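Chains P and U are the protein sequences, given in the same order.
Residue numbers 1007 to 1296, in the numbering used here, belong to the letters of the first sequence in order.
Residue numbers 1007 to 1296, in the numbering used here, belong to the letters of the second sequence in order.
Since the structure comes first, as structure tokens, the remarks are kept for the end.
2 protein chains.
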Amino acid sequence: MNWDHLEYFLAVARAGSLSGAAKQLDVNHSTVARRLEKLEQQLGSILFHRLSNGYQLTEYGVKLQQQAVAVEDQINQIQRVFKSHDSELSGSLCITKPSSGALNLQPIFADFLQQYPEIDLQINAVSEFTDLTRLEADVAIRFVETPPKDLVAVKLGFMPMYIYGSRELIKQMNSQAPEDYPWVIQSGPKGQMDSEADILAIHPDTKIIMRTNSYNEVYEAICSGVGVGFLSPLRLPLDHTLQALTPEKFHFGSNIWLLTHPDLRNNARVKVFKAFMISRAAKLLVQQES
Amino acid sequence: MNWDHLEYFLAVARAGSLSGAAKQLDVNHSTVARRLEKLEQQLGSILFHRLSNGYQLTEYGVKLQQQAVAVEDQINQIQRVFKSHDSELSGSLCITKPSSGALNLQPIFADFLQQYPEIDLQINAVSEFTDLTRLEADVAIRFVETPPKDLVAVKLGFMPMYIYGSRELIKQMNSQAPEDYPWVIQSGPKGQMDSEADILAIHPDTKIIMRTNSYNEVYEAICSGVGVGFLSPLRLPLDHTLQALTPEKFHFGSNIWLLTHPDLRNNARVKVFKAFMISRAAKLLVQQES
DNA sequence: GTTCATCTCTGCATTATTGCACAGCGATTT
DNA sequence: AAATCGCTGTGCAATAATGCAGAGATGAAC
């Protein structure tokens, strides 16, 4: 039995199609199909139902997936352990962070690259969950209240948030009470940027008219006057025309955490980046308890 | 990273050489060398010291081995689980057993093959340890006192053993006391056929002059008159000229167990073989408590 | 010291794997 | 109903992996 085939199997199981798996694995879809055939032949069991709308795991496929995931976890651990031995200050360093609309770290990154010109910085600005255990990124910068306990977490700072609305909307409604307004909120996965709970805590009847995964969408929606929402004064353009609702009364925000996997603790690039971020975040970001 | 490379790495780590690993894997040694190079390149670490007397694990290699073994265990489990789904009464069935000198099951095997002509029986007669968890065999028949608790064990019978010597030797020594004779014993791995303990229990000063891993060697040695030793009356040729020392006094023997891995419980060939052996062993072998 | 056996390394021919392009199929849209 | 899109299956060419055979090196046996 070819051990590699399990990786292909897992990709198909997750993607639900040959094409999707091929894209993830960065190979041709026919390669995936052929390897899957061989695996089924070697195990003597059909692993997928070939349905018109994709590949669906059979009973045996489900069993295999459970075990293959265990293999994958172990392999990922191996890769992390060996990556942590990497003492070179050159090569790639992959950072995942919120979109620059919500958190702009480019000034810090620019200085970092100047100091370590051999490091190839890959910035992955996504709101989706990025799995550090699977080495999808080396470092994650995230808005979270409580960091996951299986990761090494360092608090970089605090991002204050006020409630903003367009001048026109506030004038029209003629109210300073947030619960009187329709809301536009950013709803992220797994409690990241989960402002919905904050809002409902203020007033349970608050009407939410728009949810988006993008901070920029929230900003643009508020500018266009559809409602109010959380924005950070640190991220407003200088020429903005928005108005804050009683900022002294409602004071929200998120902690900004830098997360790394414990297994990568000794990786030289991760170490220097982390140290650099900590020292620079003190100057750039608000240091304040939430 | 290529998952397969771990299998090659493990083979080299165990064999201590490229050639040995290649033999185990049944590939050319240059393939092993090239895959190992790639793995080291991918992990960015040297895994082996290339010494003149072979390949020796480096510090990183030792770390990797620990983790690779975990991967291998998981893969083996997958293979066992899928093998257990195999409901065909055709194909191969691998049995490991003591050499036929010690235990002759050919009459049973012959009948089994007649009843299941599509099954391809592979008999591996070795005294060495055979790892059922690694699918080195489907069924093991072993002389052991207490079967391993992680395997499914069925007792097939009991092999009585008496102390034999050549007529000439016994006449010359003129003694019926076993401790007066030099001994020839079969010393197996892990307490299998471990008659040494039995002998020393009778008399701690017993002199052991020859140890061998082969029952046949013991028989031939005793025939040639170098000493006495344990042999089974069931396995003596009809025309033998040996003489037993006080058989009524010293009555030893081994239990014969049939061992299978729990994960193979549902494999059709294993099931029918096991049932066949149990029913036939009652007739062929002595059924008696040790 | 010589011979022999064993192991590793390397260039080349063979074999296996992969990517590519095209065809077919079903679902959704126009 | 035709068109379009995304997905899967297949033959063929390009590419990569493998086996093979010979050379060199090392240690053991004579």
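All residues carry an ideal CB built from backbone N, CA and C; glycine is no exception.
Because the structure is a prediction, the values reported are computed rather than measured.
Neighbour list for Lys1069 of chain U in chain P, Cβ cutoff strictly below 7 Å: Within 7 Å Cβ-Cβ: Val1087.
The beta strand (DSSP E) with Met1179 of chain U in it runs from where to where? First-last for Met1179 of chain U: 1173–1179, but that is the alpha helix (DSSP H), not the beta strand (DSSP E).
Assuming Gln1182 of chain P contacts Thr1266 of chain P (C-beta within less than 8 Å), just tell me the rounded distance between them. Not really, about 42 Å apart at Cβ, beyond 8 Å.
Reduced DSSP secondary structure (H/G/I, E/B, other) of Asp1032 of chain U: Per DSSP, reduced to three states, the secondary structure at Asp1032 of chain U is coil, with no helix or strand assignment.
Secondary structure, beta strand (DSSP E): runs of 3+ residues fully inside the region 1081–1106 of chain P: Taking only runs of at least 3 residues, the beta strand (DSSP E) segments lying wholly in the region 1081–1106 of chain P are 1097–1103.
Proximity test, Cβ basis, 7 Å: Met1007 of chain U and chain P: Contact with chain P is found for Met1007 of chain U, since one of that chain's Cβ atoms lies less than 7 Å from the residue's Cβ.
Between the CA atoms of Leu1237 of chain P and Val1276 of chain P - distance to the nearest angstrom: Take the alpha-carbon of Val1276 of chain P and the one of Leu1237 of chain P: they are about 30 Å apart.
Against chain U, with Cβ distances strictly below 7 Å, would Leu1049 of chain P count as a contact? Under the 7 Å criterion on CB atoms, Leu1049 of chain P is classed as interfacial with respect to chain U.
Just reading off the beta strand (DSSP E) that Pro1188 of chain P is part of, what are its end residues? Looking at the DSSP string, the run of the beta strand (DSSP E) that includes Pro1188 of chain P is 1188–1192.
According to DSSP, residues forming a beta bridge with Trp1263 of chain U: As a beta-bridge residue in DSSP terms, Trp1263 of chain U pairs with U:Arg1148, U:Lys1161.
Whole angstroms are fine: how far does the CA of Leu1063 of chain P sit from the CA of Asp1117 of chain P? Per the coordinates, the alpha-carbon of Asp1117 of chain P lies some 49 Å from the alpha-carbon of Leu1063 of chain P.
Residue from U:Asn1272, U:Val1075, U:Asp1079, U:Phe1054 whose Cα sits closest to the Cα of Glu1065 of chain U: Comparing Cα positions, the closest option is U:Phe1054.
Pick from P:Leu1042, P:Ser1058, P:Ser1193: whose alpha carbon is nearest that of Ser1051 of chain P? Its Cα nearest to that of Ser1051 of chain P, the residue P:Leu1042 stands out among P:Leu1042, P:Ser1058, P:Ser1193.
Which residues in the same chain as Leu1142 of chain P place their Cβ atom closer than 7 Å to its Cβ, once the five residues preceding and following it in sequence are excluded? Strictly speaking, residue 1142 of chain P in this sequence is Glu, with Leu absent from that position. Taken in chain order, the residues that qualify are Thr1136.
Under 7 Å, do Phe1088 of chain P and Leu1012 of chain U count as touching if we go by C-beta distance? The criterion of a C-beta distance shorter than 7 Å is not satisfied by Phe1088 of chain P and Leu1012 of chain U.
Just curious, the beta strand (DSSP E) that Leu1012 of chain U is in, first and last residue? Note, Leu1012 of chain U: premise wrong, no beta strand (DSSP E); alpha helix (DSSP H) at 1010–1021.
If we require 3 or more residues per run, which beta strand (DSSP E) segments fall completely within the region 1022–1076 of chain U? Whole beta strand (DSSP E) segments, 3+ residues: 1054–1057, 1060–1063.
May I ask you to list, following chain order, the residues of the region 1073–1087 of chain P that have a beta carbon less than 8 Å from some beta carbon of chain U? Within the region 1073–1087 of chain P, the residues whose Cβ lies closer than 8 Å to any Cβ of chain U are, in chain order, Gln1073, Ala1074, Ala1076, Val1077, Gln1080, Ile1081, Gln1083, Ile1084, Gln1085, Val1087.
Measuring alpha carbon to alpha carbon, tell me which residue in U:Asn1273, U:Tyr1221, U:Pro1153 is nearest Leu1095 of chain U. If we check each option's Cα against that of Leu1095 of chain U, U:Asn1273 comes out closest.
Quick check: the region 1111–1129 of chain U against the region 1067–1086 of chain U, are at least 3 beta-carbon pairs closer than 8 Å? Because the criterion of three Cβ pairs below 8 Å is not met, the region 1067–1086 of chain U and the region 1111–1129 of chain U do not touch.
Against chain U, with Cβ distances strictly below 7 Å, would Glu1151 of chain P count as a contact? So, not an interface residue.
Continuous beta strand (DSSP E) stretch holding Phe1236 of chain P: start and end: Phe1236 of chain P: member of the beta strand (DSSP E) spanning 1235–1237, first to last residue.
Since Glu1013 of chain P meets chain U, which of its residues come closer than 8 Å, beta carbon to beta carbon? Neighbours of Glu1013 of chain P on chain U, chain order: Trp1009.
Below 7 Å CB to CB, which residues in the same chain sit around Gly1231 of chain P once its five sequence neighbours on both sides are set aside? These residues qualify, in order along the chain: Ser1172, Glu1174, Leu1175.
Locate the alpha helix (DSSP H) running through Gln1120 of chain U, then write down its first and last residues. Element bounds for Gln1120 of chain U: 1112–1121.
Looking at the secondary structure, which residues open and close the beta strand (DSSP E) in which Ala1131 of chain U lies? For Ala1131 of chain U, the enclosing beta strand (DSSP E) begins and ends at 1125–1131.
Report back the beta-carbon spacing between Phe1256 of chain U and Ile1169 of chain U to the nearest angstrom; my notes put them in contact at under 8 Å. Cβ atoms of Phe1256 of chain U and Ile1169 of chain U come within 8 Å of each other, at about 6 Å.
Unbroken alpha helix (DSSP H) run spanning Ala1227 of chain P, endpoints: Its alpha helix (DSSP H) spans residues 1221–1229.
Do Leu1270 of chain U and Ser1093 of chain U count as a contact pair if the criterion is CB distance below 7 Å? Judged by beta-carbon spacing, Leu1270 of chain U lies beyond the 7 Å limit of Ser1093 of chain U, meaning their Cβ atoms are not closer than that value.
Verify whether the separation of the beta carbon atoms of Gly1022 of chain U and Gly1060 of chain U is less than 7 Å. Cβ atoms of Gly1022 of chain U and Gly1060 of chain U: closer than 7 Å.
Give me, in chain order, the residues of the same chain whose beta-carbon lies closer than 8 Å to that of Asn1110 of chain P; leave out the 5 immediate sequence neighbours on both sides. Excluding positions up to five away in sequence, the list reads Arg1241.
Report back the beta-carbon spacing between Asp1006 of chain U and Asp1010 of chain P to the nearest angstrom; my notes put them in contact at under 8 Å. Residue 1006 of chain U is absent from the model: chain U starts at 1007 and stops at 1296.
CB contact below 7 Å: Asp1092 of chain P versus chain U: At a cut-off of 7 Å between beta carbons, Asp1092 of chain P contacts chain U.
Residues in the region 1037–1066 of chain U having any Cβ partner in chain P nearer than 8 Å: Under the 8 Å Cβ criterion, the region 1037–1066 of chain U contributes Leu1049, Gly1050, Ser1051, Tyr1066.
Selection from U:Arg1148, U:Gln1083, U:Asp1126, U:Ile1114 that minimises the alpha carbon distance to Pro1104 of chain U: Of U:Arg1148, U:Gln1083, U:Asp1126, U:Ile1114, the smallest CA-CA separation from Pro1104 of chain U is found for U:Arg1148.
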